[in-house]
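Asks: The structure follows.
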Amino acid sequence: MDTEKLLKDLHVLHEGHFLLNSGLHSKYYFQKFRILENPEATTQLCTHIADKYRAENVEWVIGPTTGGIIIAYETARQLDVYSGFAEEREGKRIVGRGFDIKGKRVLIVDDVMTTGTSIIETIDAVK
């Protein structure tokens, strides 16, 4: 798969000056919804992720709410494993809803990463 071509064709990556939600400034902006709104593009990118981790015997794929849920689901579908998510409750990110991940091999994915806070919180929730 030519990821760079896919991102260009979907107008995902923008150059300029951007103030991100985190308060950070960036020369680039990754318009994730151009991918997430397109099932074929989402499938292609998640297949790429799944292929990288196929040999790792992953049992669950977990993503933080909100965009991470879509990436987790499609990656899990590609790996033929379970999918779940970590959501915020009472100021803390948790893996709830009866997802039985204790002692399982979990792959954590997300849609984009700026500061890494959602990923770190998801890792902590999975532990």
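Note that our numbering gives residue 71 to position 89 of the sequence shown, counting from 1, and the numbers run on in steps of one. Just so it is clear, CB atoms sit at the ideal spot from N, CA and C, and this is done for glycine as well.
(1) By a C-beta neighbour count over all protein chains shown, 10 Å radius and 16 as the cutoff for buried, is Tyr55 buried or exposed?
(2) So is Phe15 buried or exposed if we call it buried at 16+ other beta carbons inside 10 Å?
(3) List the whole-angstrom C-beta distance separating Tyr11 from His(-4), where the pair is believed to meet the contact cut-off of C-beta under 8 Å.
(4) Report buried or exposed for Asp33, applying the criterion of at least 16 other Cβ atoms within 10 angstroms of its Cβ.
(5) In whole angstroms, what separates the C-alpha of Thr47 from that of Asp106?
(6) Thr24 and Ile17: beta carbons closer than 8 Å?
(7) Mark Thr118 as exposed unless 16 or more other C-beta atoms lie within 10 angstroms of its C-beta, in which case mark it buried.
(8) Would you grab the beta carbon distance between Glu41 and Lys109 for me? Rounded to a whole angstrom, and I think it's under 8 Å.
(9) In this structure, how does DSSP classify Leu(-8) when only helix, strand and coil are distinguished?
(10) Does the distance from the C-beta atom of Gly45 to that of Asp92 stay below 8 Å?
(11) Any idea if Phe0 is buried or exposed, counting beta-carbon neighbours within 10 angstroms, 16 or more meaning buried?
(12) Rank Glu70, Ile102, Glu103 and Thr97 by C-alpha distance to the C-alpha of Asn3 and give the top, closest one.
Replies: Quick look at the numbers:
(1) In the sequence shown, the residue the question calls residue 55 occupies position 73. So Tyr55 ends up on the buried side.
(2) Residue 15 sits at position 33 when you count from the first residue of the sequence shown. By the C-beta density criterion, Phe15 is exposed, having fewer than 16 other C-beta atoms within 10 angstroms.
(3) Locating residue 11 in the sequence shown gives position 29, counting from the first residue. Locating residue -4 in the sequence shown gives position 14, counting from the first residue. The C-beta distance from Tyr11 to His(-4) rounds to 4 Å, short enough to meet the 8 Å contact threshold.
(4) Here residue 33 refers to the residue found at position 51 of the sequence shown. By the neighbour-count rule (16 or more Cβ atoms within 10 Å), Asp33 is not buried but exposed.
(5) In the sequence shown, residue 47 corresponds to position 65, counting from 1. In the sequence shown, residue 106 corresponds to position 124, counting from 1. Straight-line Cα distance between these residues: approximately 14 Å.
(6) In the sequence shown, the residue the question calls residue 24 occupies position 42. In the sequence shown, the residue the question calls residue 17 occupies position 35. With contacts defined as CB atoms closer than 8 Å, Thr24 and Ile17 qualify as a contacting pair.
(7) Coverage of the chain is limited to positions -17 through 109, which leaves residue 118 absent and any answer about it impossible.
(8) One-based indexing of the sequence shown puts residue 41 at position 59. One-based indexing of the sequence shown puts residue 109 at position 127. Contact doesn't hold; Cβ gap of about 15 Å is too wide.
(9) Position 10 of the sequence shown, counted from the start, is the residue given in the question as residue -8. The three-state secondary structure of Leu(-8), taken from DSSP, is coil.
(10) On the sequence shown, position 63 is the one that residue 45 refers to. On the sequence shown, position 110 is the one that residue 92 refers to. Yes, the pair counts as a contact, with Cβ atoms nearer than the cut-off.
(11) Residue numbering aside, residue 0 sits at position 18 when the sequence shown is read from its first letter. Its Cβ having fewer than 16 others within 10 Å, Phe0 is exposed.
(12) Within the sequence shown, residue 3 is the residue found at index 21, counting from 1. With distances taken between Cα atoms, Asn3 lies closest to Thr97.
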